[in-house]
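Chains as they are written, first to last, in our numbering: chain A, 149 to 225; chain B, -1 to 118; chain C, 1394 to 1892. Ideal Cβ positions, reconstructed from N, Cα and C, are used throughout, including at glycine. Here the structure is a predicted model, which means the values were calculated and not measured.
1. Taking C-beta pairs closer than 8 Å, name the residues in chain A that residue 104 of chain B reaches, listed in chain order.
2. Judging by CA-CA distance, which residue of C/1601, C/1712, C/1590 and C/1594 is the nearest neighbour of residue 1633 of chain C?
3. Put residue 1484 of chain C into one of helix, strand or coil per three-state DSSP.
4. Check the Cβ-Cβ distances between residue 31 of chain B and every residue of chain C, and say whether any is below 8 Å.
5. Span of the alpha helix (DSSP H) holding residue 1682 of chain C?
6. Along chain A, in chain order, which residues have C-beta atoms closer than 9 Å to that of residue 93 of chain B?
7. Are there three or more Cβ pairs, one per stretch, closer than 8 Å when the stretch 1639 to 1656 of chain C is compared with the stretch 1502 to 1514 of chain C?
8. Is the CB-CB distance between residue 1646 of chain C and residue 1718 of chain C below 8 Å?
9. Touching or not, the stretch 181 to 193 of chain A and the stretch 51 to 62 of chain B, by the rule of three or more beta carbon pairs under 8 Å?
10. Using a Cβ-Cβ distance under 8 Å, would residue 1573 of chain C count as near chain B?
11. Among C/1631, C/1622 and C/1554, which residue has its Cα nearest to the Cα of residue 1585 of chain C?
12. Can you round the beta-carbon distance between residue 1610 of chain C and residue 1592 of chain C to whole angstroms, since I take them to be within the 8 Å contact cut?
13. Could you have a look at residue 1812 of chain C and say whether DSSP puts it in helix, strand or coil?
14. Can you find a CB in chain B that lies within less than 8 Å of the CB of residue 205 of chain A?
15. How would you call residue 1688 of chain C, buried or exposed, if buried means at least 16 neighbouring beta carbons within 10 angstroms?
16. What are the boundary residues of the alpha helix (DSSP H) that includes residue 1449 of chain C?
17. Less than 8 Å between CB atoms is the rule here; does residue 107 of chain B satisfy it with respect to chain A?
18. Thinking C-alpha only, which one of C/1751, C/1552, C/1516 and C/1658 is nearest residue 1533 of chain C?
19. Where does residue 40 of chain B fall in DSSP's three states?
20. For residue 1461 of chain C, is the classification buried or exposed, using 16 other Cβ atoms within 10 angstroms of its Cβ as the cut-off for buried?
21. Report the CB separation of residue 1867 of chain C from residue 1782 of chain C in whole angstroms; it is logged as a contact under 8 Å.
22. Closer than 7 Å by C-beta to residue -1 of chain B: which residues in its own chain qualify, once you throw out the five before and the five after it? Chain order, please.
23. Quick one: which chain C residues come within Cβ less than 7 Å of residue 84 of chain B?
24. Quick one: residues in its chain with C-beta nearer than 6 Å to the C-beta of residue 1709 of chain C, no 5 flanking neighbours on either side, listed in chain order?
25. Of the choices C/1557, C/1880, C/1407 and C/1455, whose alpha-carbon is the least far from that of residue 1479 of chain C?
26. Distance check for residue 151 of chain A and residue 6 of chain B, CA to CA, integer angstroms please.
27. Work out the CA separation of residue 1547 of chain C and residue 1525 of chain C for me, nearest whole Å.
28. By the 8 Å beta-carbon criterion, what residues does the stretch 159 to 170 of chain A contribute toward chain B?
29. Assign residue 1572 of chain C to buried or exposed, taking buried as 16 or more other Cβ atoms, counted over all protein chains shown, within 10 Å of its Cβ.
30. Pull out every residue of the stretch 188 to 204 of chain A whose Cβ sits closer than 8 Å to any Cβ of chain B, in chain order.
31. Figure out for me which residue from B/91, B/82 and B/12 has the closest Cα to the Cα of residue 32 of chain B.
32. Hey, does residue 21 of chain B have any beta-carbon neighbour from chain C nearer than 8 Å?
33. In the DSSP output, which residue or residues are listed as bridge partners for residue 1499 of chain C?
34. Output, in chain order, the set of chain A residues within a Cβ distance shorter than 8 Å of residue 36 of chain B.
35. Counting contacts by CB-CB distance shorter than 8 Å, is residue 155 of chain A in contact with chain B?
36. Using the Cβ count rule (16 or more neighbours within 10 Å means buried), how would you classify residue 30 of chain B?
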């Protein structure tokens, strides 16, 4: 049953992150679908992919976005 | 109950691709556009991984002490997983390049709105 | 493993290693120059010395070729597992030899000219060029569809990089647009590959074809049709056929002349690499041929008619190049051995002629820093030699004898007549005439009409290497035009094996 929870968090996280106006929040919320997908990989019997995705999807990618936001502008015009 | 995992993964993949395509087409902010593109990539990867899943199977890593016959009958199909590892890294690097271009364009235009920068 | 077969992976490995190395030492100009000259010469020379054959990465040959397989139970030897390829496989045949050699020649001169036209050669630019060449070489060699996808992505990044370093106005915007479209198109290509993998359980193209032909899977499965359309969509993006012709031609025009010469070679050869695969896997679906023909005709008509209205000469050649891509696609779409040979021959010819045109018109940019045709004129006096070469290249592009494109376009027309499609032959001939007229108009405005008063021509001499490159490209054009069998004999084997 727990897969369904991750499914819902992944989809809702994606929608909610795209709906924010504060771009720093967007960047941080991107980590939620990333981490949920990592858990889904684990339940799909792929622990090594899950490890990679956990690092890339929930840490590196949001940090990239956050850095880009800090170098550009924070609020959507 | 067992097939549910694959179904959930496929549904998530489809939803992420749809959200991503909508976001990439209709959002005006460039950083949000790039985030939407990252979602499309995630969805495609998730779809690829869910193909290798075997209901009731075991992880495809052969550890010492496992029975060979049991492993070869129950392990999930490892090829898609190997491909996805490459694909995740490619997606992250493409995204980093796009963000770099956006930072430079912001210096030039003072804005990260797609209609201002890309619209001609 | 014998030594000659080791050269097959080296065609990809040498440019990539040297590219990574060059990127590290972008400050030391002498070292950069020496290494790039050595690698540039290696690019066309290695394919000449490599023997035909197959390379299995890691040495994992199919079980049927493996000595241990004698003791295996019939449980394994009786099934298709016995002949499947477990490793990434590179196939090197005569067609690959010719195409990689031509790509190497274009790359060699692009690197040389970029080294000598600027005062301070940048290691980063050479790095991007080498990465692109290596990935297109790998796409031509690879028999593994996922490996192809990986190199497709690397090639896309290298193309964006080549545009980014050019310092031409608005290059960042074009590059970002191209990447955003790529961000949609490449996951779609990946989905197509995933569907193919899901149906056949394989990523090796030979094995996929075996599974489909021998009834291991249902060839009429709708999933395969879906995979076909998704892969074709990715192919359209990668090669710049419509609906991506506008962004692709913008990419050409925002690159330096040497970069544009390489970019169009990349598009041509990735079109060939993917086209071969699409024909190999999906040729049994009638939809594929119809779609390929339709999209090629649209590319021809749109590319060449949009070229008429351009005022920027780089954009004009870029659209003409996209239009010429349509001829190659039409060759694939006809689907006969003769048609595919003609398409491959046209690919080889076009990559040389368009490279020559980009480099030739690049001399005008070198002299005047101007790309707008309205502000140009009377360049014949300033650059008489390159004007002659450009004129000959334009004549070759339009398909006038004795140049090579005449032979390949003649073959294409014959192939479409043989397939009972005279309409396509008529469109091809008409579009050749329009190409010629468009080119002559551009040539007249730039070279022949009187020089505008406010046009400044710099007094710098064009580097000798540029002229040498143009002469050698023309010589290849003339050689292939007089002796087309030199090329078609190499290409026919591939065309026969995929139909």
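Considering the structure as presented:
1. 219, 220 and 221
2. C/1712
3. strand
4. yes
5. 1679 to 1701
6. 209, 212 and 213
7. yes
8. no
9. yes
10. yes
11. C/1622
12. 6 Å
13. coil
14. yes
15. buried
16. Residue 1449 of chain C -> not in any alpha helix (DSSP H); beta strand (DSSP E) instead, spanning 1446 to 1449.
17. no
18. C/1658
19. helix
20. exposed
21. 6 Å
22. Low confidence applies here, because residue -1 of chain B scores a pLDDT of 48, under 50, leaving its location unreliable; read the following figure in that light. The answer is none, since no qualifying residue turns up.
23. 1543
24. 1700, 1703 and 1835
25. C/1455
26. 6 Å
27. 7 Å
28. 159, 162, 163, 165 and 166
29. buried
30. 188, 189, 191, 192, 193, 194, 195, 196, 197, 200, 201 and 204
31. B/91
32. no
33. For residue 1499 of chain C, which the question treats as bridged, DSSP gives no partner whatsoever.
34. 178 and 209
35. yes
36. buried
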